[in-house]
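Enquirer:
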Amino acid sequence: MENQSQVIVRPARNVRGSVRLPGDKSISHRYAMLAGIAEGSSRLENYSTGADCASTLACMRSLGVEWKRKDGAENAIEVKGCGLALAVPAGPLDCGNSGSTMRMLSGILAGQNFTSEMVGDESLSRRPMQRIIKPLSAMGAQIGSQQGRPPLRITGSALQAIDYTMPVTSAQVKSCLLFAGLFAKCESRIEEPLRTRDHGELALRAFGAELSCRSKGQGSEIRIRGGQRLRGIEARIPGDLSSAAFFLCASALFPGSRLTLPDLLMNPTRARLLEILMQIGLRISVTQLDEIHGEMAGTLEVEGGALKGATIAGGDSAALIDEIPVLAAIAPYTEQGIEIRDAKELRVKESDRIAAVATNLRRMGAQVEEREDGLRIPGCQILHGAELDSFGDHRIAMAFAVAALRAHGETLIRGAESAAISYPEFFSVLQQITEPS
Ligand code: S3P
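All residue numbers in the sequence shown are consecutive under this note's numbering, ending with 706.
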């Protein structure tokens with residue numbers, strides 16, 4: 270395996286070692302944004318090393334937020350907050366490939382008294398933004414777009430509070446609206462019919478905002494009062510569980526594999542992955558559970574065993590949205606296969622992940638049934654190495670590096686550099702923990 274745009278992955282016979290993951294991407298984005306609009310400085314340790322979180326920091330800098338990397342601790346940054354009023358940017362804010370940056374930052378820009386423009390790369394320019402444009406416009410922001418897609422031109426104003434039930438299950442949209450709620454005159458109420466990751470809620474509390482959250486059916490309801498001021502924090506960001514998913518799935522492929530993952534995010538709204546992997550046959554134990562600013566972290570010890578099947582549907586599809594590509598990539602090696610339903614959102618991620626998974630699995634010789642909202646992948650299949658494509662999508666590049674470990678023969682992954690969007694160190698770490706067969 271080499272660190273170029275084209276990577277060759279050879280079959281392995283085991284996975285062993287210990288991996289400390291860079292900070293969680295979802296938390297890193299939110300902390301960087303809230304640190305920027307807080308009063309006082311924040312020190313964020315173990316900030317994500319991915320290009321997406323660098324895009325968020327670059328946008329914050331263009332909005333007048335000063336930050337610098339700190340020596341001494343790994344990936345630590347110090348951010349000097351500007352308070353709720355940011356500076357007029359000199360030019361368009363480049364969100365790169367990052368939907369999280371564009372959608373969540375929109376909530377903050379909607380409350381500023383200036384006009385700003387947000388642009389993205391080719392993939393981001395295709396992604397749907399109507400899901401934030403509609404509620405932010407109802408709050409009083411003026412938003413121009415290309416038929417609901419980027420670039421976005423946001424003219425902020427003094428916002429009205431909103432009472433909104435989200436039609437799309439999306440934590441990015443929820444956080445966007447909660448951030449906008451900070452700039453509104455009264456109290457906003459946001460309801461999500463299916464529960465999604467709660468990092469926005471926890472981060473707002475960590476930075477000193479008061480909000481009330483309660484479960485409602487399978488979802489939740491959050492209320493936030495406008496005009497609240499935030500204060501800087503010191504935090505260590507737990508390791509990224511969605512990046513760890515690739516190594517967890519790699520371990521699941523080999524009975525007798527053993528892997529230790531210290532200081533890993535254990536937030537219950539993200540940890541459904543661990544239950545599914547245990548159901549599939551991975552043995553997992555968690556020690557040294559800890560909590561920082563409401564986020565749980567722990568050390569994971571995993572051991573490969575049998576590889577049974579699973580069905581992922583309903584609320585699980587929302588809870589596992591970023592891990593479905595790698596679960597699907599190992600599905601042919603399971604006994605009963607894996608069925609994924611209710612996951613239509615995968616079609617509007619960095620790539621059409623349903624189509625990308627089906628295409629790559631078929632190139633490896635697998636049988637796959639592609640459906641509008643998911644996939645059915647039978648188990649007990651034998652795959653061969655092939656020439657695959659990342660489709661410019663970090664999670665597809667990494668998912669198929671994992672699938673390649675149990676294939677017969679070498680696999681070439683084109684566009685492997687896209688792994689750097691969330692996890693630049695992925696291929697070198699994978700090489701360190703896999704024993705070649
Ligand atoms: C994220 C939410 C999910 C996920 C993305 C990160 C977040 O997107 O796919 O990688 O940090 O809130 P959606 O909110 O669009 O489902």
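Even for Gly, the Cβ is constructed at its ideal location relative to N, Cα and C.
To which residues of the same chain is residue 708 closer than 6 Å at the C-beta, ignoring the five residues directly before and after it?
Expert: Look at the range of the chain in this structure, 270 to 706, and you will see that residue 708 is not part of it.
Enquirer: Measuring from the CB of residue 635, is there a heavy atom of the ligand S3P at a distance below 8 Å?
Expert: The residue given as residue 635 occupies position 366 in the sequence shown. The answer is no for residue 635.
Enquirer: State buried or exposed for residue 629, treating a residue as buried only when at least 16 other CB atoms are found within 10 Å of its CB.
Expert: As a working note, residue 629 is residue 360 in the sequence shown. Counting Cβ neighbours within 10 Å, residue 629 comes out buried, since at least 16 surround it.
Enquirer: Following the continuous alpha helix (DSSP H) through residue 521, name the residue where it begins and the one where it ends.
Expert: Taking the first residue of the sequence shown as 1, we reach residue 521 at position 252. Element bounds for residue 521: 510-521.
Enquirer: If you run the structure through DSSP and keep just helix, strand and coil, what is residue 272?
Expert: As a first step, residue 272 must be located in the sequence shown, where it is residue number 3. Unreliable placement is indicated for residue 272, whose pLDDT of 44 sits below 50; the coordinate value is still reported in the next sentence. Looking at residue 272 - three-state DSSP - the assignment turns out to be coil, as it is neither helix nor strand.
Enquirer: Can you tell me whether residue 441 sits near the ligand S3P, meaning its C-beta is under 8 Å from at least one heavy atom of the ligand?
Expert: On the sequence shown, position 172 is the one that residue 441 refers to. At least one heavy atom of the ligand S3P is nearer than 8 Å to the Cβ of residue 441, so yes.
Enquirer: Excluding five sequence neighbours on each side, which residues of the same chain lie with their C-beta closer than 8 Å to the C-beta of residue 273?
Expert: Taking the first residue of the sequence shown as position 1, residue 273 is located at position 4. For residue 273, the predicted model reports a pLDDT of 48, less than 50, meaning its position is unreliable; a value from the coordinates is still stated below. Excluding residues within five positions, the ones whose Cβ falls inside 8 Å are 685 and 686.
Enquirer: Would you tell me roughly how many angstroms separate the C-alpha atoms of residue 301 and residue 366, rounded to the nearest one?
Expert: Counted from its first residue, the sequence shown places residue 301 at position 32. Counted from its first residue, the sequence shown places residue 366 at position 97. Cα to Cα, the separation comes out at about 17 Å.
Enquirer: Check the DSSP bridge columns for residue 283 and list the partner residues they point to.
Expert: Here residue 283 refers to the residue found at position 14 when the sequence shown is read from its first residue. Answer is 704, bridged to residue 283.
Enquirer: With 16 as the cutoff for other CB atoms within 10 Å, does residue 487 come out buried or exposed?
Expert: One-based indexing of the sequence shown puts residue 487 at position 218. Exposed, since its Cβ has fewer than 16 Cβ neighbours within 10 Å.
Enquirer: Closer than 9 Å, CB to CB, is residue 630 near chain C or not?
Expert: You won't find chain C in this structure, because it holds only one protein chain.
Enquirer: Between the stretch 531-545 and the stretch 325-333, are three or more C-beta pairs nearer than 8 Å?
Expert: Not touching, per the Cβ criterion.
Enquirer: Taking only the alpha-carbon atoms, compute the straight-line gap between residue 645 and residue 658 and give it to the nearest angstrom.
Expert: Indexing the sequence shown from 1 puts residue 645 at position 376. Indexing the sequence shown from 1 puts residue 658 at position 389. Taking the straight line from one Cα to the other gives about 21 Å.
Enquirer: For the alpha helix (DSSP H) holding residue 664, just list the boundary residues, first then last.
Expert: In the sequence shown, the residue the question calls residue 664 occupies position 395. First-last of the alpha helix (DSSP H) with residue 664: 663-673.
Enquirer: Using CA coordinates, which residue listed in 547, 342 and 541 is at the minimum distance from residue 582?
Expert: To locate residue 582, count along the sequence shown from 1; it is residue 313. Answer by Cα proximity: 541.
Enquirer: Could you give the first and the last residue of the continuous alpha helix (DSSP H) run that contains residue 387?
Expert: In the sequence shown, counting from the first residue as 1, residue 387 sits at position 118. It is not in any alpha helix (DSSP H) - residue 387 instead sits in the beta strand (DSSP E) that spans 384-388.
Enquirer: Using a Cβ-Cβ cutoff of less than 8 Å, which residues in the same chain neighbour residue 442 once the five nearest sequence positions on both sides are dropped?
Expert: Here residue 442 refers to the residue found at position 173 of the sequence shown. Hits under 8 Å: 372, 400, 401, 404 and 435.
Enquirer: On the three-state DSSP scale, how would you describe residue 307?
Expert: Translated into positions along the sequence shown, residue 307 becomes position 38. In this structure, residue 307 counts as strand in the three-state DSSP scheme.
Enquirer: Just mark residue 271 as buried or exposed, buried being the case when its beta carbon has 16 or more other beta carbons within 10 Å.
Expert: Counted from its first residue, the sequence shown places residue 271 at position 2. Note that residue 271 scores 40 on pLDDT, short of 50, meaning its location in the model is unreliable and no value can be drawn from it.
Enquirer: With three or more beta-carbon pairs closer than 8 Å as the criterion, would you say the stretch 544-555 touches the stretch 309-318?
Expert: Not touching, per the Cβ criterion.
Enquirer: Residue 580 by DSSP, collapsed to three states: which one?
Expert: Numbered from 1 along the sequence shown, position 311 holds the residue referred to as residue 580. If DSSP states are grouped into helix, strand and coil, residue 580 belongs with the strands.
Enquirer: Looking at the structure shown, is residue 447 part of a helix, part of a strand, or coil, going by DSSP?
Expert: Sequence index remark: in the sequence shown, residue 447 carries index 178 (1-based). Three-state DSSP puts residue 447 in a helix.
Enquirer: Can you name the start and end residues of the beta strand (DSSP E) that residue 467 belongs to?
Expert: Here the question's residue 467 lines up with position 198 in the sequence shown. Segment: none, residue 467 is in no beta strand (DSSP E) and carries neither H nor E.
Enquirer: Taking its Cβ as the centre, do 16 or more other Cβ atoms sit within 10 Å of residue 505, making it buried, or is it exposed?
Expert: The count along the sequence shown starts at 1 and reaches residue 505 at position 236. It counts as buried.
Enquirer: Relative to the ligand S3P, is the shortest distance from any of its heavy atoms to the C-beta of residue 588 smaller than 8 Å?
Expert: Along the sequence shown, one-based indexing puts residue 588 at 319. Because no heavy atom of the ligand S3P lies under 8 Å away, the Cβ of residue 588 does not count as near it: no.
Enquirer: Alpha carbon to alpha carbon, what distance is there between residue 454 and residue 288?
Expert: For the purposes of this step, residue 288 is identified with residue 19 of the sequence shown, where counting begins at 1. For the purposes of this step, residue 454 is identified with residue 185 of the sequence shown, where counting begins at 1. Approximately 46 Å between the Cα atoms of the pair.
Enquirer: Taking DSSP as the reference, what is the three-state secondary structure of residue 686?
Expert: Position 417 of the sequence shown holds residue 686. Three-state result, residue 686: helix.
Enquirer: What ranges does the alpha helix (DSSP H) occupy inside the stretch 614-654, keeping only unbroken runs of at least 4 residues that lie completely in it?
Expert: DSSP runs (the alpha helix (DSSP H)) wholly in the stretch 614-654: 622-632.
Enquirer: Output the distance between the C-alpha atoms of residue 358 and residue 459, rounded to the nearest integer angstrom.
Expert: Your numbering for residue 358 matches position 89 in the sequence shown. Your numbering for residue 459 matches position 190 in the sequence shown. Looking at the two C-alpha atoms, the distance is approximately 29 Å.
Enquirer: Between residue 293 and residue 317, how many whole angstroms is the CB-CB distance? I'm expecting something under 8 Å.
Expert: The residue given as residue 293 occupies position 24 in the sequence shown. The residue given as residue 317 occupies position 48 in the sequence shown. That belief holds up - the Cβ atoms of residue 293 and residue 317 are roughly 7 Å apart, short of 8 Å.
Enquirer: Starting from residue 479 and walking both ways along the alpha helix (DSSP H), at which residues does that stretch end?
Expert: Position 210 of the sequence shown, counted from the first residue, corresponds to residue 479. It is not in any alpha helix (DSSP H) - residue 479 carries neither H nor E in the DSSP assignment.
Enquirer: For the candidate residues 370, 282 and 608, whose alpha-carbon lies nearest to that of residue 469?
Expert: The count along the sequence shown starts at 1 and reaches residue 469 at position 200. Per the Cα distances, 370.
Enquirer: What first and last residue would you give for the beta strand (DSSP E) that runs through residue 348?
Expert: Here the question's residue 348 lines up with position 79 in the sequence shown. Residues 345-349.
Enquirer: Could you tell me the alpha carbon to alpha carbon distance between residue 625 and residue 665, rounded to whole angstroms?
Expert: Taking the first residue of the sequence shown as position 1, residue 625 is located at position 356. Taking the first residue of the sequence shown as position 1, residue 665 is located at position 396. Going by the C-alpha atoms only, they are around 7 Å apart.
Enquirer: Please determine if the stretch 613-625 and the stretch 661-677 are in contact, where contact requires at least 3 C-beta pairs separated by less than 8 Å.
Expert: Touching, per the Cβ criterion.
Enquirer: Let me know the secondary structure DSSP gives residue 557 once reduced to three states.
Expert: In the sequence shown, counting from the first residue as 1, residue 557 sits at position 288. Looking at residue 557 - three-state DSSP - the assignment turns out to be strand.
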